DNA sequence: GCCTTTCTTTGATCGCGGTCAAATCGCGCA
DNA sequence: TGCGCGATTTGACCGCGATCAAAGAAAGGC
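Protein chains in written order, with UniProt numbering: chain A, 1 to 232; chain B, 1 to 232.
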């Protein structure tokens, strides 16, 4: 039994993402302080939490759902810069303006914190700052690996790469259906392609027996080795 | 006059990058501790300091020169993921393996540190860790902005963007020559294009009077507004 | 259930940028 | 100054992926 001084906040006690998120890397007293700053934000699919080139006064940790980070050109062309899964950190401590928008793809809940108060707490809790640093390095490496895909891979290689990563992230065995949380347009925005090209390549792979497409929002990997080869 | 206890290390006293680098964000006593860990590494243009997918036991701060971060596919296609200018931090604290190579483009000098010792010091000096965090956020936003270029911009827009950024980074006025530290191949690797396309677009802009190409390794901006428009 | 709306698929065509090839430039060096 | 080699430019051509257009399939509303 934990004493009153060590009690974990109710909201955190049964939170499954604590084992993968920042808040699982700090001790209970720091967690209690972090929790006093936090508000739970519920976001419907399609609504935007933070806007590109506007100042943002909140940061947060994704609790449930799925969000995308995007940047756009004036003429409307859009590129998805990354996805934020449960446990991921969003927002920019120590910077006023956002360089990208953050929009919910699925209904999502986010533990949000005042940016300035989070910054202050990070300054006082080295474990928190270090966990955030390690996570940011991972995000940077993820972003850079995606640059190789965007700069040098063909359309087929891009689609195969995404399918492979999705299947692996789900730990799916060959033949087992893998949920696909993104629409065709969202896949195109992630891969830097058009919706038509995405559709064509997926059905090309399906016709050749590498994958199957049992429904719009799922797929199965029939020949993992071949899919890996196609991803280059 | 500083007392002996506060004396700045000789190597740092006259170092011009201290005002832009991590080492300028920490107090003198922490700087002295950091300095005791450091070795000066001299790198000839073309030689590689850190290798993709190999473990790295050093991190460092670029002092002079210019380096590139690159990732490759098995078949030899290469993408430049970023450039490291004087003051930039390279390497991955808290991670054993590199996800990209770090190669000198020009002769360079780097203050290097044992990765594990740097990690230990960062844990003891919150200012150091915070400065590294802020720098990493900036690197992440830089990388993500480049993703928009790689995913959604045309060849002409990519070339114009690079020329514009280079001119702005040099604070060059219209008509004034801007040094171009990259070869055509290196430009192509940064932009996700081929050398032929880069050459064609640069000469197209020169013929239309937007820029001039007085030498292979320099250019001038003749019509800044038009160049900005071309960058989209 | 049926209708509307939106998303996806498929087809036809076009143009950008890659590929292959050759000429030319520029720099180091004898 | 002329030579040699790598880097750059230029040309010809082609294929990939974008664009435009239309049909088909799901999803939501009444």
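Note that CB positions come from ideal geometry on N, CA and C, so glycine has one too. A quick note: this is a predicted structure, and the numbers were derived from the prediction, not measured.
- Secondary structure of residue 179 of chain A (DSSP, three-state): strand.
- Distance between residue 148 of chain B and residue 165 of chain B, taken at the CA atoms: about 15 Å.
- Listed in chain order, the alpha helix (DSSP H) runs fully inside the segment 105–138 of chain B are 115–124, counting runs of at least 4 residues.
- Cβ-Cβ distances below 7 Å link residue 62 of chain A to 84, 85, 86, 87, 88, 90, 108 and 110 in the same chain, with the five nearest sequence neighbours on each side left out; the list follows chain order.
- For residue 77 of chain A, at least one C-beta of chain B is nearer than 8 Å to its own C-beta.
- Around the beta carbon of residue 76 of chain A, fewer than 16 other beta carbons lie within 10 angstroms, which makes this residue exposed.
- Residue 114 of chain B is positioned such that its CB atom lies no closer than 8 Å to that of residue 50 of chain B.
- For residue 82 of chain B, the enclosing beta strand (DSSP E) stretches over residues 78–84.
- For the segment 15–46 of chain B, the set of positions with a beta-carbon nearer than 7 Å to some beta-carbon of chain A is empty.
- In this structure, B:130 is the residue among B:205, B:130, B:145 and B:117 with its C-alpha nearest to the C-alpha of residue 25 of chain B.
- C-alpha of residue 36 of chain B to C-alpha of residue 64 of chain B: approximately 20 Å in a straight line.
- One thing to note: residue 231 of chain B has its Cβ within 8 Å of the Cβ of residue 157 of chain B.
- Contact between residue 162 of chain A and residue 218 of chain A does not hold, since their C-beta atoms are separated by about 14 Å, which reaches or exceeds 8 Å.
- According to DSSP, residue pairing for residue 60 of chain B in a beta bridge involves B:90 and B:112.
- The residue from A:167, A:182 and A:188 with its alpha-carbon nearest to that of residue 225 of chain A is A:167.
- For residue 168 of chain B, the enclosing alpha helix (DSSP H) has its first and last residue at 155–169.
- By the Cβ neighbour-count rule, residue 216 of chain B is exposed, with fewer than 16 other Cβ atoms within 10 Å of its own.
- For residue 102 of chain A, DSSP records a beta bridge to A:50 and A:69.
- Any Cβ of chain A closer than 8 Å to the Cβ of residue 145 of chain B would place that residue at the interface, and such an atom is present.
- In the three-state scheme derived from DSSP, where H, G and I count as helix and E and B as strand, residue 36 of chain B is classed as helix.
- In this structure, the straight-line span from the alpha carbon of residue 98 of chain A to that of residue 69 of chain A is close to 11 Å.
- Taking a Cβ-Cβ cut-off of 9 Å, the neighbours of residue 95 of chain A in chain B comprise 134, 137, 138 and 141, given in sequence order.
- Look at residue 73 of chain A: its C-beta is under 8 Å from a C-beta on chain B.
- At a cut-off of 8 Å between beta-carbon atoms, residue 99 of chain B makes contact with chain A.
- Look at residue 115 of chain A: its C-beta is not under 8 Å from any C-beta on chain B.
- Under the 8 Å criterion on CB atoms, residue 232 of chain B is classed as interfacial with respect to chain A.
- For the 8 Å CB-CB criterion, residue 144 of chain A and residue 81 of chain B form a contact.
- By alpha-carbon distance to residue 223 of chain A, the top candidate from A:196, A:184, A:174 and A:194 is A:174.
- Annotation for residue 212 of chain A: 206, 219, 220 and 222 place their beta carbon closer than 7 Å to its own, counting only its chain and skipping 5 residues before and after.
- Among the bridge pairs identified by DSSP, residue 220 of chain B is matched with B:212.
- By the 16-neighbour rule on beta-carbons within 10 angstroms, residue 53 of chain B is exposed.
- For residue 200 of chain B, no CB of chain A lies under 8 Å from its own CB, so it is not counted at the interface with that chain.
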